[in-house]
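Visitor:
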Amino acid sequence: MRYTRAWQQYLKLSVAALPPARGLLPLVVLLGAWQLLQSGKSPYFPPPSDWWNGLMLLSKSGRLYPALSATTITLLLGLVLAAAVGTGVGLFIGVFPRLSRAIGPLLEFLRAIPPPAIIPVAILFLGYDERMKLTVVVLAAIWPILLNTSSAAERVHPLLLDVARSFRLSAVDRMRLIILPSVVPAILLGIRVALPVTIVVTLLVEILTSIEGIGALMIGAQRNFQSSQVYGLLVLIGLFGLLVNNIFAVFEAILLRRWPPKIQSENF
Amino acid sequence: MEVGFFFWPYNRALVENLADRADRCGYDMIGIADTRKEAVCVGFKGGMVAQKSKLSRSLAGLIAGVVCIAAEFTAPVTAAKLTPVRAAYIPVVSWLPAWVAKEKGIFEANGLDVTLSVTQNLSVLPATLGRQFDFAPSTPPDLIKAVLAGIDVVAVAGQGIETKDNPSTHLIVRKDSAITGMQDLKGKVIAAPTLGAIIHVSVLHGLKKNGIDPNSIRAVEVPFPNMPDQLKAGNVDAVEALEPFAGQLLAAGNRSLGDPLLSVSDEVLYTFWISESKWATDNHAVIEAWIASLNQAKQFMDANPEEARAILAKYTKLPEAVVQKIPFVTYRFSLDPRDFAVWVNVLKDLGQITRSVDENSLVVKLK
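One line per chain: the protein sequences are A and B, in this order. Quick note: the first sequence uses the working numbering, first residue 1, plus one each step. Quick note: the second sequence uses the working numbering, first residue 1001, plus one each step.
1) Look up A/N53 in the DSSP assignment and say whether it is helix, strand or coil.
2) Alpha carbon to alpha carbon, how far is B/T1078 from B/G1111?
3) Tell me the DSSP secondary structure of B/G1047 in three-state form.
4) Could you give the residue range of the beta strand (DSSP E) that holds B/W1273?
5) From B/F1333 to B/R1218, what distance separates their C-alpha atoms?
6) In chain order, what residues of the stretch 1131 to 1149 of chain B put their CB closer than 7 Å to some CB of chain A?
7) Throw me the rounded Cβ distance for the B/L1262 and B/P1167 pair, which I believe falls under 8 Å.
8) In terms of alpha-carbon separation, which member of B/N1295, B/I1161, B/D1229, B/V1153 lies closest to B/A1252?
9) For A/Y10, decide whether its Cβ has a neighbour in chain B, counting only Cβ atoms nearer than 7 Å.
10) Can you say whether A/P48 is buried or exposed, counting buried as having 16 or more other CB atoms within 10 angstroms of its CB?
11) For a test of the three-state rule: what should DSSP assign to A/Q35, helix, strand or coil?
12) Please confirm whether B/V1364 has its beta-carbon closer than 7 Å to some beta-carbon of chain A.
13) Give me the Cα-Cα distance between B/P1137 and B/G1105, rounded to the nearest whole angstrom.
14) Of all the options A/T135, A/A194, A/G23, A/A140, which has the alpha carbon lying nearest to the alpha carbon of A/F109?
15) Evaluate B/T1115 with the Cβ neighbour count: other Cβ atoms within 10 Å of its Cβ, from every protein chain shown; 16 or more gives buried, anything less gives exposed.
16) Thinking C-beta only, is A/L160 closer than 7 Å to A/I178?
17) With DSSP as the reference, label B/Q1159 as helix, strand or coil.
18) Tell me where the alpha helix (DSSP H) around B/R1200 begins and ends.
19) If you draw a straight line from the C-alpha of A/I214 to the C-alpha of B/A1197, how long is it?
20) Do B/A1146 and B/S1117 have their C-beta atoms within less than 7 Å of each other?
21) Taking 7 Å as the threshold (beta carbon to beta carbon), is B/E1221 in contact with chain A?
22) Whose C-beta lies closer than 6 Å to the C-beta of A/N53 among residues of the same chain, with five residues either side of it excluded?
23) Three-state secondary structure (DSSP) at B/H1284?
24) Using 8 Å for Cβ pairs, my map puts A/A67 next to A/A216. What's the rounded Cβ distance?
25) For B/I1151, would you say it is in contact with chain A, using Cβ-to-Cβ distances shorter than 7 Å as the test?
26) Is A/N148 buried or exposed, if buried means 16 or more other CB atoms sit within 10 Å of its CB?
27) Take B/A1075 and list the residues in its own chain whose beta-carbon comes closer than 6 Å to its own, dropping the five residues that flank it on each side.
28) Can the beta-carbon of A/I207 be found closer than 7 Å to that of A/I219?
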């Protein structure tokens, strides 16, 4: 009973700790000014009220929600997969420095390949479906998580490793009780950094291949010269990114509530 | 215009060079001097005085160079004034007459100084007219959608039409595919170069005509060069291909389901040139010169197909062997508003546009 209440309190506290919505005020002011200054219809700079109409048109024609759900699913799945693979590989190369030296250059090479360049090759091997989308997204989003994890695993305090040796912990126990808990904050930071990358690459794949999603809607609207829809979708994506970011921040705060503050090496 | 200048050359060769240049640019070299004592007045290709100073050498070269360049820009009064025109093109065979007209000086003979720029996707071009370009390539669905969205463009000159005797676009399936006609395409994946553009619109129209719901197929965007690989890999069931890719695909043994454009009509408007409306109203003479140039270019192409193919190779940057096999498109440089009405109906029928547009407003009225 008390545990549940504490958890709910944590939820309230972390939501309150989010950046306030009034931070969006400059954007609202800009949109308001645009609405007032833009008199009639314009093919290139429609007023924000037109953007709303454009979005309503899309949702009434039944294309907005399937696209939004397709993008969201790819995003979330991609993030989860990237986190899983990134954490796994990162821990591996963090714990074994020799491995890190061995495959380091290869990882740097792969990291430098821009996602748009992977897309044609991925299409050839995987076709035009969700698998290809996820592959490209994961390949792009993995890097912040992998690098953060590996560097945190390398920097586990030597005292903690001595503790493991004192207690004669097995390798699995050492990983589970010492290394993993030290690395979790870094993993979450990596995911936080990978989040915008995931959104961008998901939209990119959709724009370049017109596979179902918000990106496909955007490029379709652009080709049909419906600039109001393009702007509306841009605002939608911005808000969506903000929402996902905030949800993740709350999730991170709740997850890390039991974590000790960061131990500075000087204190030892 | 005459310019006189004095300078201090350092050797005869330089002076003769400069005199030659000045003469070519239509100038008289009227004075060369080193010191007042040695000043020489010359009418044409005059004498010189040696002067070994480094400063004067470079100064002389600089002045002469600047003057000669200035001369070439303020053109001598003998040359006629050419109207500068900026046009975009897509590197496909449909736009060959414009390249021929440029290469063979036909534009210049008609008083136009044309700069051609390559672009890859014509759906972005309506927005560039009046800014970067005066003429841009377009297709009927593109123009209709642009006009309905409020972009002020109009068709000014025809280019290509698609006829039964000369199809340039094909819907192609693998040779071992179970698909025998459009009716088998239900639920399949079709590769289109651009969704919402003319080829895909006509495929959707053809599907509807054959009783298939256009929403039942899945369309993905594939650039033309990637189509053979995607078809072979089985990632897509059918591709919408243009020459020369269509020719290559068919030569590799794949089957054609027909020309999707012909589902709209047996003879259908395919490509044409567009301009900004206001510019078009003010520049009828330029448009007529443009159309005349294209007609003359077409005559040249008919008389000299080999040379036309060489120009085609130059602009499309395709290999020689491929260029030899590309069939020329059927060209028609005049426009009839009724051809646009057909496409307005197609788009309305597919639900891609909600309002109608008067086809007469889509074509410029030249007289």
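Idealized CB from N, CA, C, for every residue including glycine.
Guide: Reading it off the structure:
1) If you number the first sequence from 1, residue 53 of chain A lands on position 53. The answer is helix: DSSP assigns A/N53 an H, G or I state.
2) For this step, residue 1078 of chain B is matched to residue 78 along the second sequence. For this step, residue 1111 of chain B is matched to residue 111 along the second sequence. Note that B/T1078 scores 42 on pLDDT, short of 50, meaning its location in the model is unreliable; the coordinates nonetheless yield the value given after this. Answer to the nearest angstrom: the Cα atoms are 14 Å apart.
3) Numbered from 1 along the second sequence, position 47 holds the residue referred to as residue 1047 of chain B. With a pLDDT of 38 at B/G1047, under the threshold of 50, the modelled position of that residue is not reliable, and no figure is offered here.
4) Here residue 1273 of chain B corresponds to residue number 273 of the second sequence, with the count starting at 1. Annotation for B/W1273: the continuous beta strand (DSSP E) segment containing it runs 1267 to 1276.
5) Residue mapping note: residue 1333 of chain B aligns to position 333 of the second sequence, counting from 1. Residue mapping note: residue 1218 of chain B aligns to position 218 of the second sequence, counting from 1. Rounded to whole angstroms, B/F1333 and B/R1218 show a C-alpha spacing of 36 Å.
6) Residues K1145, A1146, A1149.
7) Along the second sequence, one-based indexing puts residue 1262 of chain B at 262. Along the second sequence, one-based indexing puts residue 1167 of chain B at 167. The pair is a contact, with the Cβ atoms about 7 Å apart (cut-off 8 Å).
8) Reading the second sequence from its first residue, position 252 is the one you call residue 1252 of chain B. Selected option, being the one with the closest Cα: B/D1229.
9) Counted from its first residue, the first sequence places residue 10 of chain A at position 10. Chain B, which has no Cβ nearer than 7 Å to the Cβ of A/Y10, makes this no.
10) Taking the first residue of the first sequence as position 1, residue 48 of chain A is located at position 48. The residue is buried, with at least 16 neighbouring Cβ atoms inside 10 Å.
11) As a first step, residue 35 of chain A is located in the first sequence; it is residue number 35 there, counting from the start. Here A/Q35 sits in helix by DSSP.
12) Position 364 of the second sequence, counted from the first residue, corresponds to residue 1364 of chain B. B/V1364 does not count as touching chain A.
13) One-based indexing of the second sequence puts residue 1137 of chain B at position 137. One-based indexing of the second sequence puts residue 1105 of chain B at position 105. So the alpha carbons of these two residues sit roughly 21 Å apart.
14) Walking along the first sequence from the start, residue 109 of chain A turns up at place 109. It is A/A140.
15) For the purposes of this step, residue 1115 of chain B is identified with residue 115 of the second sequence, where counting begins at 1. Exposed, by the Cβ-count rule.
16) What you label residue 178 of chain A is simply residue 178 of the first sequence in a count that begins at 1. What you label residue 160 of chain A is simply residue 160 of the first sequence in a count that begins at 1. Contact flag set, yes.
17) On the second sequence, residue 1159 of chain B is found 159 positions in, with the first residue counted as 1. Correct three-state label for B/Q1159: strand.
18) As a working note, residue 1200 of chain B is residue 200 in the second sequence. It should be pointed out that residue 1200 of chain B corresponds to His in this sequence rather than to Arg. For B/H1200, the uninterrupted alpha helix (DSSP H) segment begins and ends at 1198 to 1209.
19) As a first step, residue 214 of chain A must be located in the first sequence, where it is residue number 214. As a first step, residue 1197 of chain B must be located in the second sequence, where it is residue number 197. The straight-line gap from Cα to Cα measures roughly 19 Å.
20) Counted from its first residue, the second sequence places residue 1146 of chain B at position 146. Counted from its first residue, the second sequence places residue 1117 of chain B at position 117. Between B/A1146 and B/S1117, the gap from beta carbon to beta carbon reaches 7 Å or more.
21) Taking the first residue of the second sequence as 1, we reach residue 1221 of chain B at position 221. True, the Cβ-Cβ gap to chain A drops below 7 Å.
22) Start at 1 with the first residue of the first sequence, and residue 53 of chain A comes out as number 53. Correct list: empty, nothing qualifies.
23) The count along the second sequence starts at 1 and reaches residue 1284 of chain B at position 284. Helix at B/H1284.
24) Looking up residue 67 of chain A in the first sequence gives position 67. Looking up residue 216 of chain A in the first sequence gives position 216. A/A216 and A/A67 do touch by the CB rule: their CB atoms are close to 7 Å apart, below 8 Å.
25) Residue numbering aside, residue 1151 of chain B sits at position 151 when the second sequence is read from its first letter. Interface residue, yes.
26) Start at 1 with the first residue of the first sequence, and residue 148 of chain A comes out as number 148. Buried.
27) Walking along the second sequence from the start, residue 1075 of chain B turns up at place 75. Residue placement at B/A1075 is poorly supported in this model, since its pLDDT is 46, which falls under 50; the coordinates are not used for a value here.
28) Reading the first sequence from its first residue, position 207 is the one you call residue 207 of chain A. Reading the first sequence from its first residue, position 219 is the one you call residue 219 of chain A. Between A/I207 and A/I219, the C-beta gap is smaller than 7 Å, which places the two residues in contact.
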